[in-house]
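J.: Per our numbering: the sequence shown = residues 393 to 767.
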Amino acid sequence: MKLRPLISACTLLAISVCTPLAAKTIDTERAKIELETVAEGLKNPWGLAFLPDGAMLVTERVGDMRKVSADGKVGEPITGLPEIFSRGQGGLLDIALDPDYENNGWIYFSYSEPGDGGNSTALARAKLDGNALVDLQRIFSQQPKVNSNNHFGSRIVFKDDGTLFLTLGDRYSHKDDAQTLDNHLGKVIRINTDGSIPADNPFVNTEGALPEIWSYGHRNMQGAAVHPETGELWSGEHGAQGGDELNIDRAGLNYGWPVITYGENYGGGKIGEGFKKDGMETPVYYWLPSLATAGLTFYTGDVFPDWQGDVFVASLRAETLARLDVEGERVLHEERLLADELGERLRHVVQGPDGYLYLLTDASDGKIIRITPAD
Numbered sequence: 393m394k395l396r397p398l399i400s401a402c403t404l405l406a407i408s409v410c411t412p413l414a415a416k417t418i419d420t421e422r423a424k425i426e427l428e429t430v431a432e433g434l435k436n437p438w439g440l441a442f443l444p445d446g447a448m449l450v451t452e453r454v455g456d457m458r459k460v461s462a463d464g465k466v467g468e469p470i471t472g473l474p475e476i477f478s479r480g481q482g483g484l485l486d487i488a489l490d491p492d493y494e495n496n497g498w499i500y501f502s503y504s505e506p507g508d509g510g511n512s513t514a515l516a517r518a519k520l521d522g523n524a525l526v527d528l529q530r531i532f533s534q535q536p537k538v539n540s541n542n543h544f545g546s547r548i549v550f551k552d553d554g555t556l557f558l559t560l561g562d563r564y565s566h567k568d569d570a571q572t573l574d575n576h577l578g579k580v581i582r583i584n585t586d587g588s589i590p591a592d593n594p595f596v597n598t599e600g601a602l603p604e605i606w607s608y609g610h611r612n613m614q615g616a617a618v619h620p621e622t623g624e625l626w627s628g629e630h631g632a633q634g635g636d637e638l639n640i641d642r643a644g645l646n647y648g649w650p651v652i653t654y655g656e657n658y659g660g661g662k663i664g665e666g667f668k669k670d671g672m673e674t675p676v677y678y679w680l681p682s683l684a685t686a687g688l689t690f691y692t693g694d695v696f697p698d699w700q701g702d703v704f705v706a707s708l709r710a711e712t713l714a715r716l717d718v719e720g721e722r723v724l725h726e727e728r729l730l731a732d733e734l735g736e737r738l739r740h741v742v743q744g745p746d747g748y749l750y751l752l753t754d755a756s757d758g759k760i761i762r763i764t765p766a767d
């Protein structure tokens, strides 16, 4: 279902919290756009989810969750979170509302969980009562825990069959474990929303394999979304030095890391065996040099009709928003947006219920930025 634009909350409330970032119109290949700052003062925001009333829940990597009102006012930290390992790339990470949120009230969030042996990515759900989380349930914990500050993965994506995907990094120092099925490192997992295992997962009946695993051979996926027409999972994956990937993640398939990759070791030097190998999947699209891909979304709204069906990928290192023209399973063209006009590390891109695109900038004074039509 396409989303129809609403009048901006800034217009309705006649306040100055949402302020233009650029006085001039930005010309892109298919739309003329403007930028607004919706909110600022966030500490390395990582995930964003819209509440039914237009407010937003935002996670900060330092370990806080905040409610940002529709007019851009940033609330105090929400209480009731579990213990979080906030160091390096770890912290409070993605957030998503249950597809049936208005009936059940569940909020899902991923985070770096400390424990015996180190830390790992975990997934929990809770309900929001005022400014506190209640009924907290941890429904998944990546195993094994390792001593690493890197590669937590951690995008949460719901499928229309009542299950959810969680992307998991290889933890950097354990890349070879991405090729074996007895651990969660470098994997995508699929679970039911209560944490139980779907009976049709690909490795449920495979001896020695963890039944949560959906796909394997991944490095560090910080972007993921379900295709609005096919229902398949598409994921964005950090390469090493070069070789960021866009993949269609399918049940039981091996995506090659670290055996095949378009990247190389930091400072130079070959990784693995090359670009292709029988039994391993190659990406739909890849970047050389790396963008440092982060969040991604398919655009389905009416506000930008010429963007419908396009994939938008936030970039950290290249400080750009990549727009990909997609036809079926092929990327026909890439356009890079906002590197000159914004020039900030972008952690995530989300389509709002108003049909606009919302960006999170990755900084200690992070912002929520809204992309609107120039007219």
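Don't be surprised by glycine CBs; every beta carbon is placed ideally from N, CA and C.
Alpha carbon to alpha carbon, what distance is there between Pro620 and Leu489?
T.: Residue numbering aside, residue 489 sits at position 97 when the sequence shown is read from its first letter. Residue numbering aside, residue 620 sits at position 228 when the sequence shown is read from its first letter. Each residue's alpha carbon lies about 17 Å from the other.
J.: Should Arg762 and Glu432 be called a contact, given that it needs their Cβ atoms to be closer than 7 Å?
T.: As a first step, residue 762 is located in the sequence shown; it is residue number 370 there, counting from the start. As a first step, residue 432 is located in the sequence shown; it is residue number 40 there, counting from the start. Result no, Cβ atoms of Arg762 and Glu432 do not sit closer than 7 Å.
J.: Applying the criterion that 16 or more other CB atoms from any shown protein chain within 10 Å of the CB defines a buried residue, is Thr403 buried or exposed?
T.: To locate residue 403, count along the sequence shown from 1; it is residue 11. Note that Thr403 scores 39 on pLDDT, short of 50, meaning its location in the model is unreliable and no value can be drawn from it.
J.: In terms of DSSP beta bridges, what is Pro437 paired with?
T.: The residue you call residue 437 lines up with position 45 of the sequence shown. Pro437 pairs with Glu452.
J.: Kindly indicate the opening and closing residues of the alpha helix (DSSP H) around Tyr608.
T.: Counting from one through the sequence shown, the residue named residue 608 turns up at place 216. Careful: Tyr608 lies outside any alpha helix (DSSP H), inside the beta strand (DSSP E) at 605 to 608.
J.: Just the Cα atoms here: how many angstroms apart are Gly758 and Thr692?
T.: Within the sequence shown, numbered from 1, the residue matching residue 758 stands at position 366. Within the sequence shown, numbered from 1, the residue matching residue 692 stands at position 300. Each residue's alpha carbon lies about 26 Å from the other.
J.: Inspect the beta-carbon positions of Gly587 and Gly561 and report whether they are closer than 7 Å.
T.: For the purposes of this step, residue 587 is taken as residue 195 along the sequence shown, with counting starting at 1. For the purposes of this step, residue 561 is taken as residue 169 along the sequence shown, with counting starting at 1. Contact flag unset, no.
J.: Please confirm if the segment 689 to 704 is in contact with the segment 649 to 664, defined as three or more CB-CB distances below 8 Å between the two stretches.
T.: With a cut-off of 8 Å, the segment 649 to 664 and the segment 689 to 704 do not count as touching, because too few Cβ pairs lie within range.
J.: Can you give the Cα-Cα distance for Met393 and Glu599, rounded to whole angstroms?
T.: Indexing the sequence shown from 1 puts residue 393 at position 1. Indexing the sequence shown from 1 puts residue 599 at position 207. Legend: pLDDT at Met393 = 34, less than 50; position of this residue unreliable, value from coordinates given subsequently. Approximately 41 Å between the Cα atoms of the pair.
J.: Please state whether DSSP places Ala601 in a helix, a strand or coil.
T.: Position 209 of the sequence shown, counted from the start, is the residue given in the question as residue 601. Residue state, collapsed to three classes: coil.
J.: For Arg422, which option in Arg715, Val723, Phe477 has the closest C-alpha, if you only look at C-alpha atoms?
T.: What you label residue 422 is simply residue 30 of the sequence shown in a count that begins at 1. Ranking Arg715, Val723, Phe477 by Cα distance to Arg422 puts Arg715 first.
J.: When you compare each of Val705, Val723, Leu724 to Lys751 by their alpha carbons, which one comes out closest?
T.: For the purposes of this step, residue 751 is taken as the residue at position 359 of the sequence shown. Looking at the sequence provided, one finds Leu at residue 751 rather than Lys. Selected option, being the one with the closest Cα: Val705.
J.: Have a look at Ile589 and Thr712 and give me their C-alpha separation to the nearest angstrom.
T.: Start at 1 with the first residue of the sequence shown, and residue 589 comes out as number 197. Start at 1 with the first residue of the sequence shown, and residue 712 comes out as number 320. Cα-Cα distance, rounded: 37 Å.
J.: Is the beta carbon of Thr376 sitting closer than 7 Å to the one on Val741?
T.: Residue 376 is absent from the model: the chain starts at 393 and stops at 767.
J.: For Trp699, name the three-state secondary structure that DSSP assigns.
T.: Sequence index remark: in the sequence shown, residue 699 carries index 307 (1-based). Three-state result, Trp699: helix.
J.: Just how far apart, CA to CA, sit Glu624 and Asn639?
T.: Indexing the sequence shown from 1 puts residue 624 at position 232. Indexing the sequence shown from 1 puts residue 639 at position 247. Roughly 10 Å separates the two Cα atoms.
J.: Looking at C-alpha atoms only, which residue of His630, Gly687, Ile487 is the closest neighbour of Phe442?
T.: Looking up residue 442 in the sequence shown gives position 50. Taking only the C-alpha atoms, the option nearest Phe442 is Ile487.
J.: Taking the alpha carbon of Ser502 as the reference point, which residue from Asp508, Gly510, Arg517 has its own alpha carbon closest?
T.: Your numbering for residue 502 matches position 110 in the sequence shown. Considering only alpha carbons, the answer is Arg517.
J.: If you draw a straight line from the alpha carbon of Phe550 to that of Phe667, how long is it in whole angstroms?
T.: Taking the first residue of the sequence shown as position 1, residue 550 is located at position 158. Taking the first residue of the sequence shown as position 1, residue 667 is located at position 275. Straight-line Cα distance between these residues: approximately 31 Å.
J.: What separation, rounded to the nearest whole angstrom, lies between the Cα atoms of Arg739 and Ala755?
T.: For the purposes of this step, residue 739 is taken as residue 347 along the sequence shown, with counting starting at 1. For the purposes of this step, residue 755 is taken as residue 363 along the sequence shown, with counting starting at 1. Using only the alpha carbons, I get a separation of about 9 Å.
J.: Using only CA atoms, which one of Arg611, Leu708, Gln633 lies nearest to Asn657?
T.: Working through the sequence shown from its first residue, we reach residue 657 at position 265. Asn657 has its Cα closest to that of Gln633, out of Arg611, Leu708, Gln633.
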